[in-house]
Amino acid sequence: METRTEELEIEVKAATAQTTTQGQQISENRQRRNNLRILGIAEDLEGQDTRAYIASLFKRAFPDLIGWDWEKEIQRAHRSPLMRKKQALTSTGVFW
Numbered sequence: 001m002e003t004r005t006e007e008l009e010i011e012v013k014a015a016t017a018q019t020t021t022q023g024q025q026i027s028e029n030r031q032r033r034n035n036l037r038i039l040g041i042a043e044d045l046e047g048q049d050t051r052a053y054i055a056s057l058f059k060r061a062f063p064d065l066i067g068w069d070w071e072k073e074i075q076r077a078h079r080s081p082l083m084r085k086k087q088a089l090t091s092t093g094v095f096w
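If you read the sequence shown in the working numbering, its first letter stands for residue 1, the second for the next number, and so on.
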C-alpha cells in the first residue's frame, strides 16, 4: 500500500510541474502579443539602457499623455537581430 501511495505522490508532483510549465508558457505567449517593434533607431543610440531610452523617446513623441509613467509601462526593451541583407537596414528592431 505504501509503495502505491508513493507512486501516486510522484505522479501528482510530475503533473503539477507540467501544469506550472504550461501555464508559464501560455502567459509568456500572451505577453508577446503586446510587443511593439520600433524600426529605424540607429545602433548604439540608446547607450547602455535601452528601456530608459525608449521611455524618453515616447515621452517626447506623446507629450499630451501627461502623468503617464513610461518607465513603469515599459517592462523590457531590447534589440532583436533581424534576418537582413547587409546594406538593406542600418539598425535592428527594438522591442518593448
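Glycine included, every Cβ here is placed at the ideal spot set by N, Cα and C.
Asked                                                                                            : Found
Residue from Q31, Q25, F58 and R30 whose Cα sits closest to the Cα of W41                        : Checking the sequence, you will find Ile at residue 41 rather than Trp. Selected option, being the one with the closest Cα: F58.
Close Cβ partners of R51 (< 6 Å) along its chain, the five nearest in sequence each way excluded : I74 and A77
Length of the line joining the Cα atoms of Y53 and F62                                           : 14 Å
8 Å CB neighbourhood of Q87 in its chain, flanking five on each side removed                     : Reliability of the predicted coordinates at Q87 is poor, the pLDDT of 46 falling under 50, and no value is obtained from them.
Beta-carbon proximity of A55 to E71, cut-off 8 Å                                                 : yes
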